[in-house]
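For the sequence shown, full-length UniProt numbering begins at 10 and goes up steadily by one. We put the CB at the ideal spot given by N, CA and C, even for glycine. None of these values were measured; they are calculated from a predicted model. Input: a single structure, listed below in structure tokens.
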Amino acid sequence: EVRYTPAEIEPRWQERWAEQPDLYAAEPASSGKPKYYVLEMLPYPSGQLHMGHVRNYAIGDALARYMWMQGYNVLHPMGWDAFGLPAENAAIKNNTPPRAWTTSNIAAMKRQMNRIGLSYDWANEVTTCLPDYYRWNQWFFIRMFERGLAYRKKSKVNWCPKCCTVLANEQVINGRCWRHEDTIVEQRDLEQWFLRITDYAQELLEDLDKLEGWPEKVRTMQRNWIGRSEGAEVDFEVEDATHTPVDELQQVRHKGTAVLSAVENLKTTGARITVFTTRIDTIYGATSIILAPEHALVKEFATANAELAEQVNALLEQQKRAREAGDIGEIEKHGVFTGHYAVNPFNNERLPIWVANYILGEYGTGAIMSVPAHDERDYEFAQKYGIEMRIVILPRRTEDADGKGETESTLPYTDEDSLLINSCDFSSMGNKEAQQKMIAFVEENKFGKATISFRLRDWGVSRQRYWGTPIPMLYCEKDGIVAVPDDQLPVLLPDNVEITQEGGSPLAKLPEFVNTTCPKCGGPARRETDTMDTFVDSSWYFYRYTSAKDDKAPFDSAAIDYWFPIDQYIGGVEHAILHLIYSRFWTKVMRDLRLVKNDEPADRLFTQGMVIKNGAKMSKSKGNVVSPDDMIARYGADATRMYSLFAAPPDRDLDWQEDGVAGVSRFLGRVYRFVMKAAPGMRQPTTASGTQLDAAIAPNLERKLHQTIHKITQDFAGRWHFNTSIAAIMELLNLLNEHEDAIVAAVESDGRAREIITNLVLLLAPFAPYLAAELWGEIGGTTAVNKEPWPKADPGKMAESTIEIPVQVNGKLRAVVSVPADADQDATQAAVMADARVQAATAGKQIVKVIVVPGKLTNIVVKG
Ligand code: ANZ
Ligand code: ZN
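Spelled out as structure tokens, the structure:
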């Protein structure tokens, strides 16, 4: 009896594969073959692969192998997202330099990947912490700087006290650090480098519609993150309080509309408040102007008013705390009247100017017109402070409103499809029409314009850390900010750096790094000492894979034309916003630099589910980590990876059960024993005269085989439910085992038996590549099994010869009867009525009616 011993088979093949560097190498564009670029997200080299990695790579590897077998020229690369904070933390903890720590982790993880048998093209490996890669980060940065896409400004930034560095908005999750779930992010004022991703906001949004191969949930997340609002900016002039004593103002009617108070000869200070509104149709309902505490005018008002200054500080403080707690959206509303008034340009009405903590300085213009009758937040605020509410919008079907719509209890009324009232010339217009007409009126009279506002902010890329790409900028006393000339790239990251947790850029402590000369004037200059956000590294790494050795350019554009867009990208949904929005942005910038022609990096995106154990995500802190090495040592790489595809559909969470791995391993053992039994015969030349398969069995075996081929082919083309693909192979094997001796006896002379064995091995190749390679050799194959053509399902052989017809008697299922697949109505009825169970169920009764739906069911109605 032969035994399946993956511990012996797998290392042997691993060695063979290592000696064939071309085995998984992509062919050049000139191969003339159709291309397929399959990409799994590159890992951070933390030291060990976890099961989430294994699952991600097993999916990509199955796909890559399948596409090779379909005749494609496949690019299946891998690399290392090798810069980042953990290397620095490890340096502090273990006193190992980040480079050494990273390099040895890469070696360890590469060893694991090879042990798993992943089909990567290592000739194009990318390691982001190497100068031959990060020099191109610097090169891109300078290209962006030249185009005004990289700029420096002082701004409020998110600061993680644990990382001791700035975080991009995308890296703040519910007010906490993306790496430290328990750490509240602080706000600091710092000079920072930004990339102008907002220039691409509209295109990033629009092109989401084209990404039909992306999960809808990822597209929705990006749409919300970009957050486009159409609206208008309207200028409200600030009234000159010294000219218009408040007590001279009276309630007047303006063009037939009641207003709080208006003056005929209004004096203004010349200052304007520009508000951003998405509901200009409610402008006659505005009863105050509210400014964000950071608004420039508030500072002005406050310089002359110490009490106000103090109250504004309190509002700022509340905002800061709410931001830190991650619930600025639900802040408890506080505000203060500034003592000043602004003028509604539509009706000259005087509106009190307030400052409130729920108005954000960084959104829109940092100022709003407040319409409490029609906006939730304004309503709450106005109720609290006794600010007037004025209804200017009614539901369309006024007969339904019958006055009730105007009572306070149903306010705020925020419905958009509605009619205007109390709005001067615009009254009784529909709300969309009013918006258009009002915006036209504003633009005509030059006190505002239609605008679009985005929630997306520019990408802050400066990090006060060591282990990243140095930002290639210089500061010269005479010339100001100067880019490092291309021929001086890369700005090398020095190795001899002292890393501490205190914060402040470690590079700033190295005079030999900091001090340099200005390329423009030759005078002394200081180097930028911040490094780039590591999300820069991962924004374009997949382009470099097409020509990773290029030292003249970031990549060879001709190769990009052939390989891009990526056909299938596979990774975790946690990257839906960060990495996947940055890489889309980077692609568009590269296109505008005429380096690439594609608008988007990837045609299709697949986000796999998590690997969990006992219902929880595997993590050290939960103590439920299952090590891939352990599983491989016990059951082999094939069983481990195959289990990760078998245990759940790839888009769902997978609950890791060691029993399940053992089960898959036993199944592979059965395949092994079966094929090994047939192998000696398979290696013989075919003879025409020997044993043939029984004519009664052969069609059944062929049918099952071709159905299985068909099913797996469909799974690859469709939803990737590899769990059911593998289950189908298991079912096939069950049937083959029933006829094992007959098949084994026939392989020498019956082509059908040979085909069964050959195809069984080929079907396994994407999922269990070691076993497939081993068995391919055993049955006489001399080529690499992963380059063999994928078997084709023959529809003629797939068709069932009989089908099962459920038979109901008076609506109750009484029997399931086998009939020939092509049986017509009469033949079906004859077969049904001849069945003993049907006869028993109808015995002694009068048959009233027999309804036959050929191929589907039979219904018998009886009486008595
Ligand atoms: C008047 C109004 C009337 C508004 C109404 C809404 C309803 P989105 O859609 O999210 O873009 N707003 C504008 N800038 C703001 C800021 N810096 N901080 C807080 N709120 C701000 O929201 C746009 C609406 O949010 C704007 O339209 C403005 O209130 C408010 F019945 O203007 B609206
Ligand atoms: Zn200079």
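How would you write the range of the alpha helix (DSSP H) that residue i sits in, first residue to last?
i	result
L300	Careful: L300 lies outside any alpha helix (DSSP H), inside the beta strand (DSSP E) at 297-300.
P15	15-27
H62	60-78
W110	107-125
I362	It is not in any alpha helix (DSSP H) - I362 instead sits in the beta strand (DSSP E) that spans 358-365.
G690	667-692
Should residue i go down as buried or exposed, given a rule of 16 or more other Cβ atoms within 10 Å for buried?
i	result
A267	Caution applies to A267, whose pLDDT of 46 falls short of 50 and renders its modelled position unreliable; the value that the coordinates give is listed next. Looking at its Cβ environment, which holds fewer than 16 other Cβ atoms inside 10 Å, A267 is exposed.
C530	exposed
D639	exposed
D496	exposed
V83	buried
T407	Note that T407 scores a pLDDT of 49, beneath 50, so its modelled location is shaky and nothing firm can be said.
G477	buried
A726	exposed
G338	exposed
D759	buried
K264	Any reading at K264 must be qualified, since the residue scores a pLDDT of 44, below 50, and its modelled position is unreliable; the value itself is stated next. When all chains shown are included, K264 counts as exposed.
Any heavy atom of ligand 1 within a distance shorter than 8 Å of the CB on residue i?
i	result
L369	yes
M541	no
Y554	no
P361	no
D464	With the sequence shown as reference, residue 464 is identified as Arg, and Asp is not the correct amino acid for it. The answer is yes for R464.
I738	no
A67	no
A301	yes
A376	yes
P421	yes
F390	no
residue 5	Outside the shown range of the chain, which is 10 to 873, sits residue 5, and nothing can be said about it.
G373	yes
G279	no
T283	no
V321	no
H383	yes
T136	no
Given a cut-off of 9 Å, decide if residue j and residue i are closer than it, judged by their beta-carbon atoms.
i	j	result
L360	N353	yes
P481	V493	yes
K765	L745	The question names Lys, yet the displayed sequence has Ile at residue 765. For I765 and L745, yes; Cβs fall inside 9 Å.
C169	H189	yes
S462	R237	yes
K44	Y571	yes
F149	M807	no
L224	V684	Looking at the sequence provided, one finds Pro at residue 224 rather than Leu. Going by C-beta atoms, P224 is not nearer than 9 Å to V684.
L306	I362	yes
D90	P140	no
I368	I282	no
C527	P520	no
D424	A177	no
Q817	V861	no
F203	R161	yes
By the DSSP assignment, the beta strand (DSSP E) with residue i in it spans what residues?
i	result
F203	195-204
K42	No beta strand (DSSP E) contains K42, which DSSP labels as neither H nor E.
K872	866-872
E316	Taken as a continuous stretch (DSSP letters only), E316 belongs to no beta strand (DSSP E), being part of the alpha helix (DSSP H) at 315-334.
E740	Looking at the DSSP string, E740 is not in any beta strand (DSSP E); the run it does join, the alpha helix (DSSP H), is 731-747.
V284	277-286
L721	Reading off the sequence shown, one finds Ile at residue 721, where the question assumed Leu. That residue, I721, is in no beta strand (DSSP E); its alpha helix (DSSP H) goes 707-726.
T616	614-617
**Q.** Stretch pair the region 623-630 + the region 587-607: three plus CB contacts closer than 8 Å
**A.** Taking 8 Å as the limit for Cβ pairs, the verdict is that the region 587-607 does not touch the region 623-630.
Q. Using 8 Å as the Cβ pair cut-off and three pairs as the minimum, do the region 49-69 and the region 631-651 touch?
A. Result yes; three or more Cβ-Cβ pairs closer than 8 Å.
Q | Any 3 or more C-beta pairs closer than 8 Å across the region 540-551 and the region 142-149 | A | yes
Q) Quick check: the region 65-74 against the region 761-781, are there 3 or more CB pairs under 8 Å? A) The count of Cβ pairs closer than 8 Å, one atom from the region 65-74 and one from the region 761-781, reaches three, so the stretches are in contact.
Q. So does the region 276-293 actually touch the region 397-406, counting three or more Cβ pairs closer than 8 Å?
A. yes
Q: Please confirm if the region 731-740 is in contact with the region 796-810, defined as three or more CB-CB distances below 8 Å between the two stretches.
A: no
Q. Three or more C-beta pairs closer than 8 Å, one from the region 841-850 and one from the region 816-833: is that the case here?
A. Because the criterion of three Cβ pairs below 8 Å is met, the region 841-850 and the region 816-833 touch.
Q) Do the region 565-580 and the region 31-46 touch if we need at least three Cβ pairs shorter than 8 Å? A) yes
Q: Count the CB pairs spanning the region 124-133 and the region 19-28 that are closer than 8 Å, and state whether there are at least three.
A: The region 124-133 vs the region 19-28: in contact.
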